[in-house]
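Residue numbers (this note's numbering), protein chains in the order written: chain A, 17 to 38; chain B, 685 to 1000. Report on the structure given below.
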Amino acid sequence: GQKKMEATLKKSLENIIPLLEK
Amino acid sequence: ETKGLLFIPDISGFSRFVTESEINHSRMIIQELLELLINANQIGLEVSEIEGDAILFYKFGEPPQLKELYKQVEKMFCQFHKNLMAYDRRKYCQCKACISAANLSLKVITHYGEFTEYHVKNFSKLIGKDVIVAHQLLKNDIAQHEYWLVTKDLLHNHPLADFTGWMNWNDSIKQTESGDIHFHYTQLSELKNEIHDDPLPPLNLSDKRKILSASSLYETDIITLFHIAGAFEYRHLWWEGVEKVEEINHSLPRVGMQSIWTLNNGKMLYYSSSYSYTDDKVEFTETDEKGDQVTYFTLVKIADNKAKLIIDVYKT
Chain A
17 GQKKMEATLK KSLENIIPLL EK
Chain B
685 ETKGLLFIPD ISGFSRFVTE SEINHSRMII QELLELLINA NQIGLEVSEI
735 EGDAILFYKF GEPPQLKELY KQVEKMFCQF HKNLMAYDRR KYCQCKACIS
785 AANLSLKVIT HYGEFTEYHV KNFSKLIGKD VIVAHQLLKN DIAQHEYWLV
835 TKDLLHNHPL ADFTGWMNWN DSIKQTESGD IHFHYTQLSE LKNEIHDDPL
885 PPLNLSDKRK ILSASSLYET DIITLFHIAG AFEYRHLWWE GVEKVEEINH
935 SLPRVGMQSI WTLNNGKMLY YSSSYSYTDD KVEFTETDEK GDQVTYFTLV
985 KIADNKAKLI IDVYKT
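Shown next, in the form of structure tokens:
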């Protein structure tokens, strides 16, 4: 569970990048 | 009936120098304040129309007692400033419109005279010389912008009264095409000393443990990053597992705003529980409805076009 949650949070942070370009 | 009370609260004070993007925020602030003024109505006033930053209220019939009218003015004035104080302490946005909102002021024009209502399709309008007089009274030589103005026609030969220790009536005359309009006015600013903002709820992490932490660097300025990360409206676009976010109570982000998140395993309510801002660092937290989970966001300015976002999740 812990590793999966960390990976999900990291992926969330990556998802911000395309939004900044808009 | 052709005689009645005209009651116009008018908001002023927004800088004319707010930029195009900030106009949107000043419009939202004014909209919130106008709704608050309408909801504060306790003497059966009807809304004729919203006129920019003012509301034209009316009520046909005999004029209300002056004390009753003062209580109405006092309620609107106090709720108006309480809302602004609360927004000033809780606001996320640091644009010129949001910062200068704390300096907005409210004046109230009250007049009694002849007017009538007419209807065009579903719209009703007021017409009559005294409607024009009431609007002309908005433009006067009174130096300050926070006052209650009462015309002689509204007094109906009743004497003026001081309803508070600080109340101090002044007399003046406005020259109009309909003749000289005699009026009295008293400043209201003293009322602000009696308004106290509700304290911010304390953020308590002492019963919680950090269970998750992640950070990322972005090639952007801290404000742009904050606009994306801080607003609930964009959350479903980047937070994994969030399908929809419905904001509940505020159009402009602030501490206390709530939202319901539709997650892939159900719905959760989150509210903004704290916020602090400096040019180099922005911190804010979001707490779930039960207070079991706190998400702590820290944004740090690394350079003009580089910013870091750290997310720490705490659980009871």
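Backbone N, C-alpha and C fix where the C-beta goes; we use that ideal spot for every residue, glycine too. Here the structure is a predicted model, which is why all the values come from computation and not from measurement.
Query, Result
"For A/K27, decide whether its Cβ has a neighbour in chain B, counting only Cβ atoms nearer than 7 Å.", "yes"
"So, does the CB of B/L983 fall closer than 7 Å to a CB anywhere in chain A?", "no"
"Please report whether the beta-carbon of B/E924 lies at a distance below 7 Å from any beta-carbon of chain A.", "yes"
"Counting only C-beta atoms, is B/A991 closer than 7 Å to chain A at any point?", "no"
"Does chain A have any CB closer than 7 Å to the CB of B/A915?", "no"
"Could you please tell me which residues of the region 886-913 of chain B, in chain order, have their CB closer than 9 Å to any CB of chain A?", "I895, L896, S897, A898, S899, S900, Y902, E903, T904, T908, L909, I912, A913"
"Would you mind telling me which residues of chain A sit closer than 9 Å to B/I995, beta carbon to beta carbon, in chain order?", "L25, S28, L29"
"Excluding the 5 residues flanking B/E685 on each side, which residues of the same chain have their C-beta closer than 8 Å to its C-beta?", "F744, G745"
"B/L720 to B/Q859, Cα distance in whole Å?", "33 Å"
"Could you give the DSSP three-state label for B/F761: helix, strand or coil?", "helix"
"Would you please state the rounded distance, in angstroms, between the beta carbons of B/I739 and B/I722? I believe it to be under 8 Å.", "7 Å"
"Looking at the structure shown, is B/Y625 part of a helix, part of a strand, or coil, going by DSSP?", "Any answer about residue 625 of chain B is impossible in this case: the structure gives chain B only from 685 up to 1000."
"For B/L901, count the other beta carbons within 10 Å of its own beta carbon; 16 or more makes it buried, fewer makes it exposed. Which is it?", "exposed"
"Excluding the five sequence neighbours on either side, which residues of its own chain have a C-beta within less than 6 Å of the C-beta of B/F698, listed in chain order?", "S710"
"Starting from the Cα of B/K823, find the closest Cα among B/V757, B/E917, B/S696 and give me that residue.", "B/S696"
"For B/W850 and B/I793, I'd like the C-alpha separation in whole angstroms.", "19 Å"
"Is B/H868 near B/D881, with beta carbons less than 7 Å apart?", "no"
"Check whether the Cβ of B/L921 lies closer than 7 Å to any Cβ atom in chain A.", "yes"
"Which residue comes first and which comes last in the beta strand (DSSP E) that contains B/V792?", "789-798"
"Starting from the Cα of B/G975, find the closest Cα among B/D988, B/E927, B/P885, B/I879 and give me that residue.", "B/P885"
"Apart from the five residues on each side of it in sequence, which residues of its chain come closer than 8 Å, Cβ to Cβ, to B/H840?", "P747, Y796"
"Going by Cα to Cα distance, which pick from B/Y954, B/N852, B/K894, B/A781 is closest to B/E874?", "B/N852"
"Along chain A, which residues have their Cβ under 8 Å away from the Cβ of B/Y918?", "L35"
"Does the Cβ of B/H934 have 16 or more other Cβ atoms within 10 Å, making it buried, or fewer, making it exposed?", "buried"
"Just to check my reading of the structure: B/D814 and B/L690 have Cβ atoms closer than 8 Å, yes? What is that Cβ distance to the nearest angstrom?", "6 Å"
"Could you work out which residue in B/N806, B/D905, B/D963 is closest to B/N989 when comparing CA atoms only?", "B/D905"
"How should B/Q871 be labelled, buried or exposed, when 16 other C-beta atoms within 10 angstroms of its C-beta is the threshold for buried?", "buried"
"Grab the span of the beta strand (DSSP E) containing B/L993 for me, first residue to last.", "990-999"
"If you compare alpha carbons, which of B/P693, B/I811, B/L844 is closest to B/K687?", "B/I811"
"Taking the C-alpha atoms as reference points, what is the distance between B/S897 and B/A915?", "20 Å"
"Could you pull the start and end residues of the beta strand (DSSP E) that B/I986 belongs to?", "977-987"
"If B/I994 sits next to B/S899, beta carbons under 8 Å apart, how far is it from one beta carbon to the other, in whole angstroms?", "4 Å"
"Between the alpha carbons of B/D825 and B/T848, how many angstroms are there, rounded?", "24 Å"
"Thinking B/F764 and B/L790 are a contact (beta carbons under 8 Å), I'd like their distance in whole angstroms, please.", "5 Å"
"Go through its chain and collect everything with a Cβ distance to B/I944's Cβ below 6 Å, but skip five positions before and after it.", "E930, K951, L953"
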